[in-house]
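Colleague: Numbering (mature numbering (1 follows the signal peptide of the UniProt record, and there is no 0)), first residue to last: -20 to -1, 1 to 195.
Idealized CB from N, CA, C, for every residue including glycine.
Just so we're clear, the structure is a prediction, and the values are computed from it rather than from any experiment.
Pasting a structure here, questions to come.
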(Lines of atoms letter the chains of each structure in order from A and count residues from 1; the text may use other names and numbers.)
(Lines give C-alpha, C1' and ligand atoms only; values in the text may rest on other atoms or scores of the structure.)
Protein backbone atom coordinates (compact mmCIF):
# COMPACT_ATOMS: atom_id res chain seq x y z
CA UNK A 1 0.00 0.00 0.00
CA UNK A 2 2.89 2.35 0.79
CA UNK A 3 4.36 1.74 -2.64
CA UNK A 4 1.08 2.64 -4.33
CA UNK A 5 0.89 5.83 -2.26
CA UNK A 6 4.42 6.82 -3.29
CA UNK A 7 3.62 6.16 -6.95
CA UNK A 8 0.54 8.38 -6.72
CA UNK A 9 2.55 11.17 -5.06
CA UNK A 10 5.22 11.04 -7.76
CA UNK A 11 2.53 11.14 -10.45
CA UNK A 12 0.98 14.24 -8.89
CA UNK A 13 4.38 15.92 -8.60
CA UNK A 14 5.09 15.30 -12.26
CA UNK A 15 1.83 16.93 -13.33
CA UNK A 16 3.08 20.45 -12.53
CA UNK A 17 6.53 20.32 -14.10
CA UNK A 18 7.54 22.63 -16.93
CA UNK A 19 6.88 20.84 -20.25
CA UNK A 20 9.78 20.01 -22.54
CA UNK A 21 10.48 22.26 -25.51
CA UNK A 22 11.40 21.74 -29.16
CA UNK A 23 13.04 25.19 -29.27
CA UNK A 24 16.68 24.33 -28.62
CA UNK A 25 18.07 27.83 -28.05
CA UNK A 26 17.68 30.73 -25.59
CA UNK A 27 14.26 32.34 -25.93
CA UNK A 28 15.49 35.94 -25.70
CA UNK A 29 18.41 38.09 -26.83
CA UNK A 30 19.80 41.42 -25.73
CA UNK A 31 21.13 44.08 -28.10
CA UNK A 32 24.88 44.15 -28.60
CA UNK A 33 26.84 47.06 -27.21
CA UNK A 34 27.12 49.87 -29.72
CA UNK A 35 30.55 50.62 -31.10
CA UNK A 36 32.14 53.74 -29.74
CA UNK A 37 31.89 56.60 -32.20
CA UNK A 38 35.02 57.37 -34.12
CA UNK A 39 36.54 60.79 -33.54
CA UNK A 40 35.16 63.38 -35.94
CA UNK A 41 37.63 64.59 -38.53
CA UNK A 42 35.45 67.47 -39.64
CA UNK A 43 33.72 65.59 -42.48
CA UNK A 44 29.94 65.43 -42.85
CA UNK A 45 29.86 61.60 -42.97
CA UNK A 46 30.70 59.74 -39.76
CA UNK A 47 30.66 55.93 -39.87
CA UNK A 48 30.03 55.64 -36.13
CA UNK A 49 26.72 57.55 -36.27
CA UNK A 50 25.49 56.48 -39.71
CA UNK A 51 21.73 56.02 -40.10
CA UNK A 52 19.99 55.23 -43.43
CA UNK A 53 17.90 58.17 -44.60
CA UNK A 54 15.48 56.35 -46.91
CA UNK A 55 15.00 53.08 -45.01
CA UNK A 56 12.31 52.27 -42.48
CA UNK A 57 12.97 51.12 -38.94
CA UNK A 58 13.22 47.47 -39.95
CA UNK A 59 14.65 44.88 -37.58
CA UNK A 60 18.16 43.96 -38.64
CA UNK A 61 20.31 43.76 -35.49
CA UNK A 62 20.59 41.37 -32.56
CA UNK A 63 18.00 42.27 -29.96
CA UNK A 64 15.59 43.92 -32.41
CA UNK A 65 11.97 42.86 -31.97
CA UNK A 66 9.52 41.51 -34.53
CA UNK A 67 5.89 40.42 -34.40
CA UNK A 68 5.15 36.91 -35.65
CA UNK A 69 1.65 36.43 -37.03
CA UNK A 70 1.06 32.73 -36.42
CA UNK A 71 -1.25 31.32 -39.09
CA UNK A 72 -0.44 27.61 -39.07
CA UNK A 73 -2.92 25.15 -40.52
CA UNK A 74 -2.16 21.56 -41.45
CA UNK A 75 -4.29 18.69 -42.66
CA UNK A 76 -3.46 15.10 -43.52
CA UNK A 77 -5.59 12.29 -44.88
CA UNK A 78 -4.59 8.65 -45.20
CA UNK A 79 -6.67 5.91 -46.75
CA UNK A 80 -5.94 2.28 -47.49
CA UNK A 81 -7.82 -0.76 -48.65
CA UNK A 82 -7.02 -4.41 -49.22
CA UNK A 83 -9.05 -7.37 -50.36
CA UNK A 84 -8.57 -11.04 -51.12
CA UNK A 85 -10.55 -13.83 -52.69
CA UNK A 86 -9.73 -17.51 -52.61
CA UNK A 87 -11.76 -20.48 -53.85
CA UNK A 88 -11.09 -24.19 -53.90
CA UNK A 89 -12.85 -27.45 -54.74
CA UNK A 90 -12.15 -31.14 -54.43
CA UNK A 91 -13.96 -34.27 -55.59
CA UNK A 92 -13.25 -37.98 -55.30
CA UNK A 93 -15.00 -41.22 -56.11
CA UNK A 94 -16.40 -43.58 -53.50
CA UNK A 95 -15.90 -47.31 -53.48
CA UNK A 96 -18.82 -49.57 -54.17
CA UNK A 97 -21.04 -51.00 -51.55
CA UNK A 98 -22.76 -49.25 -48.72
CA UNK A 99 -20.80 -45.96 -49.05
CA UNK A 100 -21.64 -45.64 -52.72
CA UNK A 101 -25.28 -46.29 -51.97
CA UNK A 102 -25.40 -43.56 -49.37
CA UNK A 103 -22.99 -40.93 -50.78
CA UNK A 104 -23.24 -41.56 -54.48
CA UNK A 105 -20.52 -42.41 -56.94
CA UNK A 106 -18.58 -39.18 -56.30
CA UNK A 107 -18.15 -36.80 -53.38
CA UNK A 108 -17.23 -33.15 -53.90
CA UNK A 109 -16.51 -30.18 -51.62
CA UNK A 110 -16.26 -26.49 -52.42
CA UNK A 111 -14.81 -23.68 -50.30
CA UNK A 112 -14.65 -19.94 -50.84
CA UNK A 113 -12.97 -17.27 -48.71
CA UNK A 114 -13.28 -13.52 -49.13
CA UNK A 115 -11.43 -10.80 -47.23
CA UNK A 116 -11.84 -7.04 -47.37
CA UNK A 117 -10.34 -4.38 -45.13
CA UNK A 118 -10.37 -0.58 -45.25
CA UNK A 119 -8.64 2.11 -43.20
CA UNK A 120 -9.25 5.86 -43.21
CA UNK A 121 -7.35 8.31 -41.04
CA UNK A 122 -7.42 12.10 -40.97
CA UNK A 123 -5.83 14.80 -38.83
CA UNK A 124 -6.01 18.58 -38.87
CA UNK A 125 -4.45 21.30 -36.72
CA UNK A 126 -4.98 25.05 -36.59
CA UNK A 127 -2.82 27.48 -34.62
CA UNK A 128 -3.38 31.23 -34.87
CA UNK A 129 -2.19 34.17 -32.82
CA UNK A 130 0.54 36.77 -32.48
CA UNK A 131 3.66 36.93 -30.35
CA UNK A 132 6.82 38.99 -30.15
CA UNK A 133 10.25 37.56 -30.91
CA UNK A 134 13.76 38.99 -30.84
CA UNK A 135 16.65 38.61 -33.25
CA UNK A 136 19.23 36.31 -31.67
CA UNK A 137 21.64 35.97 -34.60
CA UNK A 138 22.36 37.68 -37.92
CA UNK A 139 23.68 35.30 -40.59
CA UNK A 140 26.33 36.34 -43.13
CA UNK A 141 23.72 36.46 -45.91
CA UNK A 142 21.52 38.86 -43.92
CA UNK A 143 18.91 36.36 -42.75
CA UNK A 144 17.77 36.69 -39.15
CA UNK A 145 17.45 33.96 -36.53
CA UNK A 146 14.56 34.86 -34.24
CA UNK A 147 13.31 33.28 -31.04
CA UNK A 148 10.67 34.12 -28.47
CA UNK A 149 8.55 32.78 -25.64
CA UNK A 150 5.26 33.85 -24.10
CA UNK A 151 3.99 32.60 -20.75
CA UNK A 152 0.40 33.04 -19.65
CA UNK A 153 -0.63 32.05 -16.11
CA UNK A 154 -4.27 31.04 -15.76
CA UNK A 155 -5.70 29.65 -12.52
CA UNK A 156 -3.36 26.84 -11.43
CA UNK A 157 -1.52 26.34 -14.71
CA UNK A 158 0.91 28.14 -16.98
CA UNK A 159 0.69 28.15 -20.78
CA UNK A 160 3.92 28.29 -22.78
CA UNK A 161 4.02 29.53 -26.37
CA UNK A 162 7.45 29.31 -28.01
CA UNK A 163 8.67 30.17 -31.49
CA UNK A 164 11.97 30.06 -33.36
CA UNK A 165 13.05 30.16 -37.00
CA UNK A 166 14.94 31.97 -39.74
CA UNK A 167 13.55 35.09 -41.42
CA UNK A 168 14.52 36.75 -44.66
CA UNK A 169 14.54 40.57 -44.41
CA UNK A 170 12.52 40.70 -47.64
CA UNK A 171 9.52 39.11 -45.88
CA UNK A 172 9.34 41.70 -43.09
CA UNK A 173 6.18 43.79 -43.48
CA UNK A 174 5.65 47.34 -42.19
CA UNK A 175 5.57 47.36 -38.41
CA UNK A 176 8.14 44.50 -38.31
CA UNK A 177 5.41 41.90 -38.84
CA UNK A 178 6.23 38.50 -40.36
CA UNK A 179 3.85 35.70 -41.30
CA UNK A 180 4.78 32.37 -39.75
CA UNK A 181 4.30 30.68 -43.12
CA UNK A 182 7.27 32.70 -44.43
CA UNK A 183 9.66 31.56 -41.69
CA UNK A 184 12.17 28.84 -42.52
CA UNK A 185 13.00 26.09 -40.02
CA UNK A 186 10.05 27.29 -37.92
CA UNK A 187 9.36 25.64 -34.60
CA UNK A 188 6.03 26.58 -33.09
CA UNK A 189 4.77 25.00 -29.92
CA UNK A 190 2.00 25.45 -27.39
CA UNK A 191 2.32 23.58 -24.14
CA UNK A 192 0.83 23.82 -20.68
CA UNK A 193 1.82 22.83 -17.16
CA UNK A 194 -1.72 22.90 -15.78
CA UNK A 195 -2.70 20.43 -13.10
CA UNK A 196 -4.63 17.32 -14.05
CA UNK A 197 -8.31 17.67 -13.28
CA UNK A 198 -9.34 15.81 -10.11
CA UNK A 199 -12.10 13.92 -11.88
CA UNK A 200 -9.65 12.80 -14.55
CA UNK A 201 -7.16 11.71 -11.89
CA UNK A 202 -9.84 9.70 -10.07
CA UNK A 203 -10.73 8.00 -13.32
CA UNK A 204 -7.07 7.12 -13.92
CA UNK A 205 -6.68 5.71 -10.40
CA UNK A 206 -9.88 3.68 -10.65
CA UNK A 207 -8.74 2.16 -13.95
CA UNK A 208 -5.38 1.33 -12.38
CA UNK A 209 -6.88 -0.53 -9.41
CA UNK A 210 -9.44 -2.26 -11.60
CA UNK A 211 -6.63 -3.59 -13.78
CA UNK A 212 -5.24 -5.40 -10.71
CA UNK A 213 -8.47 -7.29 -10.06
CA UNK A 214 -8.52 -10.90 -11.32
CA UNK A 215 -12.09 -10.60 -12.62
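Please check the pair residue 95 and residue 63, which I expect to be a contact at CB under 8 Å, by giving their CB distance rounded to whole angstroms.
Modeller: Contact flag correct, Cβ pair sits at about 6 Å.
Colleague: Of the residues 120, 125, 47 and 52, which one's Cα is nearest the Cα of residue 112?
Modeller: Of 120, 125, 47 and 52, the residue nearest in Cα terms is 47.
Colleague: Closest by CA to residue 92, which one among 144, 67, 107 and 147?
Modeller: That would be 67, whose Cα lies nearest to the Cα of residue 92.
Colleague: For residue 50, which residues from the same chain have a beta carbon less than 8 Å from its beta carbon, with the 5 sequence-adjacent residues on both sides left out?
Modeller: These residues qualify, in order along the chain: 107, 108, 109, 110, 111, 143, 160 and 168.
Colleague: So is residue 157 buried or exposed if we call it buried at 16+ other beta carbons inside 10 Å?
Modeller: Result: exposed.
Colleague: Express the C-alpha separation of residue 149 and residue 61 in angstroms, rounding to a whole number.
Modeller: The straight-line gap from Cα to Cα measures roughly 47 Å.
Colleague: From what residue to what residue does the beta strand (DSSP E) around residue 167 run?
Modeller: Note, residue 167: beta strand (DSSP E), 164 to 172.
Colleague: Can you name, in chain order, every residue of its own chain whose Cβ lies under 6 Å from the Cβ of residue 55, other than the five neighbours on each side?
Modeller: If we look at residue 55 and ignore the five residues flanking it on each side, its Cβ neighbours are 104.
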